[in-house]
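Worksheet for the structure shown next.
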Amino acid sequence: LIRRTGLDPALFPRAVESVDAVGRVTKEAAAQTGVPEGTPVAGGGGDAVISTTGLGLVRPGRVGVTLGTSGVVATSLDSCLPNPDGMLQVFCGNAPGLYTAMGVTLAAAGSYQWFRSTFGDWETERAKREGVSAFRLLDRAAAAAPPCSGGLVFLPYLTGERAPLNDPDAKGAFLGITSRHTKGHFARAVLEGVAFSLRQVYGLMESVGHGVSSDEIVLAGGGAVSPVWRQIFADTFNLPVRTVYGSAEGGSFGAALAAGVTAGIWPDLAATVPLVRPESRTEPIAANVPLYAAQYEKFVRFYGALKWSFRS
Numbered sequence: 002l003i004r005r006t007g008l009d010p011a012l013f014p015r016a017v018e019s020v021d022a023v024g025r026v027t028k029e030a031a032a033q034t035g036v037p038e039g040t041p042v043a044g045g046g047g048d049a050v051i052s053t054t055g056l057g058l059v060r061p062g063r064v065g066v067t068l069g070t071s072g073v074v075a076t077s078l079d080s081c082l083p084n085p086d087g088m089l090q091v092f093c094g095n096a097p098g099l100y101t102a103m104g105v106t107l108a109a110a111g112s113y114q115w116f117r118s119t120f121g122d123w124e125t126e127r128a129k130r131e132g133v134s135a136f137r138l139l140d141r142a143a144a145a146a147p148p149c150s151g152g153l154v155f156l157p158y159l160t161g162e163r164a165p166l167n168d169p170d171a172k173g174a175f176l177g178i179t180s181r182h183t184k185g186h187f188a189r190a191v192l193e194g195v196a197f198s199l200r201q202v203y204g205l206m207e208s209v210g211h212g213v214s215s216d217e218i219v220l221a222g223g224g225a226v227s228p229v230w231r232q233i234f235a236d237t238f239n240l241p242v243r244t245v246y247g248s249a250e251g252g253s254f255g256a257a258l259a260a261g262v263t264a265g266i267w268p269d270l271a272a273t274v275p276l277v278r279p280e281s282r283t284e285p286i287a288a289n290v291p292l293y294a295a296q297y298e299k300f301v302r303f304y305g306a307l308k309w310s311f312r313s
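Shown next, in the form of structure tokens:
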């Protein structure tokens with residue numbers, strides 16, 4: 002790109018591997034952080050890509066889903082495969098010769114945060130009195146609602162959408178509302194809508210041949226602490242969902258593993274996989290799988306039917 006644009010290469014930093022040493026901790030930085038002076042500093046990586054290391058995605062084929070404000074489906078590749086229409090993002094991975102393909106849903110846990118902020122005043126006040134999270138109270142209500150939320154469907158396009166739609170005009174919506182629906186139904190529909198959107202990203206990866214052949218989903222991020230959300234993902238993907246220790250820390254754990262390779266603690270990132278220890282495992286509920294498959298098809302069709310109305 003630098004050659005094609007005619008820019009001066011001297012204007013750019015040198016390209017390094019994530020585990021390359023790019024310097025050492027200075028005396029001033031050591032005083033501010035407590036990290037010993039002279040400690041090697043790793044090249045590191047972008048937050049989403051370095052997070053894959055913390056999930057153990059350092060070999061091709063494994064799939065991770067991160068539930069932060071946005072949601073990410075990621076897998077590792079041993080080659081840079083085609084990316085038709087730029088619907089996915091394909092980066093150099095954290096290990097030499099490794100690539101990372103991912104798709105991003107813009108409002109994942111962000112959708113749940115919006116729902117709590119907009120409709121969860123009661124839960125927020127009660128949570129303060131009880132010393133618990135308002136999200137835990139909403140989770141209880143969502144868990145009491147049936148799978149597929151009594152036919153209620155949520156489109157989580159609160160800020161437009163990247164993968165798999167590439168539609169900045171996409172809008173959020175609740176569809177199929179009846180007088181029987183309670184707040185618990187709406188809360189569960191939000192969780193399900195996010196899972197459906199990320200399932201659609203996973204399907205896009207499958208369709209373009211990105212080596213998705215995982216026998217489980219590694220779920221991470223703040224949303225992964227929710228048992229009801231983990232079950233929804235297991236039922237929607239029809240795959241076991243596993244969480245790992247440290248996964249809620251985002252990219253920090255992956256960055257620490259990369260730094261450990263830089264410091265010589267481990268020979269390479271593959272050697273860090275045993276440190277990615279299982280925390281929980283959620284199996285699909287067989288009776289729920291066909292229900293979610295049918296609801297997912299509704300979800301996909303609803304966007305197709307409504308996208309014309311999203312244009313301003």
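Residue numbers for the sequence shown follow the numbering used here, so the first one is 2 and each next one is one higher. Backbone N, C-alpha and C fix where the C-beta goes; we use that ideal spot for every residue, glycine too.
For residue i, does the three-state DSSP call read helix, strand or coil?
{"i": "Leu176", "result": "strand"}
{"i": "Arg4", "result": "helix"}
{"i": "Tyr304", "result": "helix"}
{"i": "Met103", "result": "strand"}
{"i": "Ile1", "result": "No information on residue 1 is available, as it lies outside the stretch 2 to 313 that the chain covers here."}
{"i": "Gly252", "result": "helix"}
{"i": "Pro41", "result": "strand"}
{"i": "Ile266", "result": "coil"}
{"i": "Cys149", "result": "helix"}
{"i": "Arg25", "result": "strand"}
{"i": "Ala144", "result": "helix"}
{"i": "Thr283", "result": "strand"}
{"i": "Phe13", "result": "coil"}
{"i": "Ala221", "result": "strand"}
{"i": "Ser77", "result": "strand"}
{"i": "Gly72", "result": "strand"}
{"i": "Thr244", "result": "strand"}
{"i": "Leu156", "result": "strand"}
{"i": "Val66", "result": "strand"}
{"i": "Val91", "result": "strand"}
{"i": "Glu18", "result": "coil"}
{"i": "Asp216", "result": "coil"}
Give me the residue from the options with the minimum Cα distance to residue i.
{"i": "Pro1", "options": "Phe311, Glu126, Val191 and Ala110", "result": "The first residue shown for the chain is 2 and the last is 313, placing residue 1 beyond what the model contains."}
{"i": "Ala295", "options": "Gly47, Gly151 and Ala43", "result": "Gly151"}
{"i": "Asp48", "options": "Ser313, Ala16 and Ser253", "result": "Ser253"}
{"i": "Pro83", "options": "Ala22, Ala306, Ile51 and Met206", "result": "Met206"}
{"i": "Leu153", "options": "Asp122, Gly121, Glu193 and Ala144", "result": "Glu193"}
{"i": "Trp317", "options": "Arg4, Leu166, Lys172 and Lys184", "result": "Outside the shown range of the chain (2 to 313) lies residue 317, about which nothing can therefore be said."}
{"i": "Pro402", "options": "Val133, Asp21, Thr125 and Val229", "result": "With the chain represented from 2 up to 313, any question about residue 402 goes unanswered, as that position is not in the structure."}
{"i": "Ala306", "options": "Lys172, Val229 and Ser180", "result": "Lys172"}
{"i": "Pro279", "options": "Leu220, Thr6 and Val133", "result": "Leu220"}
{"i": "Gly62", "options": "Val229, Tyr203, Pro268 and Leu138", "result": "Tyr203"}
Do residue j and residue i come within 8 Å of each other at the CB atom, strictly closer than that value?
{"i": "Pro37", "j": "Val26", "result": "yes"}
{"i": "Ala102", "j": "Gly72", "result": "no"}
{"i": "Arg117", "j": "Phe136", "result": "yes"}
{"i": "Ile218", "j": "Phe238", "result": "yes"}
{"i": "Ser77", "j": "Ala43", "result": "no"}
{"i": "Arg312", "j": "Asp140", "result": "no"}
{"i": "Ser112", "j": "Val195", "result": "yes"}
{"i": "Glu236", "j": "Pro285", "result": "Looking at the sequence shown, residue 236 is not Glu but Asp. Result yes, Cβ atoms of Asp236 and Pro285 sit closer than 8 Å."}
{"i": "Leu270", "j": "Ala287", "result": "no"}
{"i": "Tyr304", "j": "Leu166", "result": "yes"}
{"i": "Gly35", "j": "Val74", "result": "no"}
{"i": "Thr273", "j": "Gly265", "result": "no"}
{"i": "Leu240", "j": "Thr106", "result": "no"}
{"i": "Asp168", "j": "Lys28", "result": "no"}
Please work out which residues of its chain come closer than 6 Å, Cβ to Cβ, to residue i, disregarding the five sequence neighbours upstream and downstream, and give them in chain order.
{"i": "Ser1", "result": "There is no way to answer for residue 1, as the model of the chain reaches only from 2 to 313."}
{"i": "Val277", "result": "Gly57 and Val245"}
Near residue i, which residues of its chain fall below 7 Å by C-beta distance, leaving aside the five closest residues on each side in sequence?
{"i": "Cys93", "result": "Tyr100"}
{"i": "Pro201", "result": "First, the residue type needs correcting, since residue 201 is Gln and not Pro in the sequence shown. Hits under 7 Å: Pro165 and Val301."}
What residues in its chain sit with their C-beta under 8 Å from that of residue i, if we drop five residues either side in the sequence?
{"i": "Val350", "result": "Since the first and last residues shown for the chain are 2 and 313, residue 350 lies out of range."}
{"i": "Trp115", "result": "Ala108 and Leu159"}
{"i": "Phe120", "result": "Lys184 and Phe187"}
Sorry if obvious, but does the Cβ on residue i come closer than 7 Å to a heavy atom of the ligand FAD?
{"i": "Gly261", "result": "No copy of the ligand FAD occurs in the structure displayed, which carries no ligand at all."}
Do three or more CB pairs link the region 44-62 to the region 235-255 at distances below 8 Å?
-> In the pairwise beta carbon analysis, the region 44-62 is classified as touching the region 235-255: at least three pairs are separated by under 8 Å.
Quick check: the region 283-297 against the region 180-190, are there 3 or more CB pairs under 8 Å?
-> The region 283-297, when compared against the region 180-190, does not touch it at the 8 Å Cβ threshold.
Would you be able to state if there are at least three C-beta pairs under 8 Å between the region 222-242 and the region 62-69?
-> In short, these stretches touch, since the Cβ pair count reaches three.
Would you call the region 169-180 and the region 299-308 touching, i.e. three or more CB-CB distances under 8 Å?
-> A contact exists between the region 169-180 and the region 299-308.
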